[in-house]
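Chains L and F are the protein sequences, given in the same order.
In terms of the working numbering, the first sequence has 125 at position 141, counting the first letter as 1, and numbering is strictly consecutive.
In terms of the working numbering, the second sequence has 106 at position 122, counting the first letter as 1, and numbering is strictly consecutive.
In what follows, a single structure is set out as structure tokens and then discussed.
2 protein chains.
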Amino acid sequence: MATETRSARSRSHILRTAVEMCAEHGFTFVTMDRVAAEAGVGKPTLYRWWPSKAHLMLDALLEEVSGRYFLIPDTGDIREDLRSWLRGFVALFVDPLLRALCVGVASAQLVDADLREQMMMGIHAPAREHNQARIRGAQAAGQLPDTDPQLIEDCLIGPLWYRVLISGMPVTDEVADEIVHRQLG
Amino acid sequence: MATETRSARSRSHILRTAVEMCAEHGFTFVTMDRVAAEAGVGKPTLYRWWPSKAHLMLDALLEEVSGRYFLIPDTGDIREDLRSWLRGFVALFVDPLLRALCVGVASAQLVDADLREQMMMGIHAPAREHNQARIRGAQAAGQLPDTDPQLIEDCLIGPLWYRVLISGMPVTDEVADEIVHRQLG
């Protein structure tokens, strides 16, 4: 028990160290060697928990960002719920550290099948289940068109990710609201 | 003149070698060392043209994919034009080699500011100018809603890129057509 607590504390300390290093020097500066040195732990300790820097940074992201960010709220008002969901992503993307974490992990998972699998299981699968149910509920209430719920979700969140990952155009609350408006009319 | 021709031929040969290597072994397998060895040229030759593997692969992508892929056609029928534009991206993403090139370059430019700049100048800036003009033309003809043309473009292309880069959901002609339908009604 005491060992488990120490272990959890050590894990937390390592994640925090990685996040601070990323905040100060950027995602590419962070390496397993540097995190181990800065956190004052041996590299075997790091590799016991994370097979790569990218896996460590995915966990660091999940420590920083509550899972609720990825879930459409349910207040009954679908327009407001979709707006606050997208504005949550905007908040993520305008914060330099969180954006660096998101972009770094997004880049890494594109060329690392194992990390991609972990991201799918850790973030996408649970969020998708929740969000599809929320969208189907709104469809049943006549608040959303009767299209494939997955495509509705993609048409909402896709334009924001596209701006962050590809076009580099700004993401703002106004953009988020306009995307919702274009989907709901 | 003869030197320039030989030089162009050599450049072409290197790009083709890199593409074949990527097709056979995947994007991450390709390195400057391996391309130089396989193409039978010295590494200084490679580095004279490309500062990194990612820059070489961006050029390889541009050799494989005509610039027209990124441009909305103009037949006067905006619905058909948007459909064939998005279906062009679908064709890109369902081809395993082209998808690997796109995804590899997309991953690299997220953590390489210089490559990102080259991608912006080489692909995005010219395409954006053309596409914004096409969308404004359709708006003037009352065929598209009077929203920021950039956001209209993002709402069309963003969901496809989101599926490729983040969610991993399939991209098909039917998805492309449905995205256009959701934007045009």
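Every residue, glycine too, gets a C-beta built ideally from N, C-alpha and C.
As the structure is a prediction and not an experimental result, all values here were calculated from the model.
query                                                                                                                                                                     : result
Under a CB-based cut-off of 9 Å, is Met(-15) of chain L close to chain F?                                                                                                 : A caution first: Met(-15) of chain L carries a pLDDT of 48, below 50, which makes its placement in the model unreliable, though a value can still be read off. No, no contact with chain F.
Would you mind working out which of F:Leu140, F:Tyr146 and F:Gly152 sits nearest His165 of chain F, comparing C-alpha positions?                                          : F:Leu140
Within a Cβ cutoff of 8 Å, which residues of the same chain sit near Leu149 of chain L, ignoring the five residues on either side of it in sequence?                      : Val87 and Ala90
Tell whether a beta-carbon distance below 9 Å holds between Leu30 of chain L and Ile107 of chain L.                                                                       : no
Mind the definition here: the region 32 to 45 of chain L touches the region 58 to 67 of chain L only if three or more C-beta pairs lie below 8 Å; say whether that holds. : no
CB-CB under 8 Å to Arg(-7) of chain L, same chain, minus the five flanking residues each way: which ones, in chain order?                                                 : none
Using the three-state DSSP reduction, which class does Leu128 of chain L fall into: helix, strand or coil?                                                                : coil
Can you check the region 8 to 76 of chain L for any alpha helix (DSSP H) of at least 4 residues that lies completely inside it and give the ranges in chain order?        : 16 to 23, 27 to 33 and 37 to 48
Mark Val78 of chain F as exposed unless 16 or more other C-beta atoms lie within 10 angstroms of its C-beta, in which case mark it buried.                                : exposed
Classify Gly72 of chain F: buried if its beta carbon has 16 or more other beta carbons within 10 angstroms, exposed otherwise.                                            : buried
Would a C-beta distance cut-off of 9 Å place Val155 of chain F and Leu168 of chain F closer than the cut-off?                                                             : no
Closer than 7 Å, Cβ to any Cβ of chain F: which residues of the region 136 to 149 of chain L, in chain order?                                                             : Asp138, Cys139, Ile141, Gly142, Pro143, Trp145, Tyr146, Arg147 and Leu149
Given a threshold of 16 other Cβ atoms within 10 Å of its Cβ, counted over all protein chains shown, does Thr1 of chain L qualify as buried or as exposed?                : buried
Identify whether Asp138 of chain L lies in helix, strand or coil by the three-state DSSP scheme.                                                                          : helix
Would you decide whether Lys27 of chain L is buried or exposed? Buried here means 16 or more other CB atoms lie within 10 Å of its CB.                                    : exposed
Measure the alpha-carbon distance for Arg147 of chain L versus Met103 of chain F and round it to whole angstroms.                                                         : 14 Å
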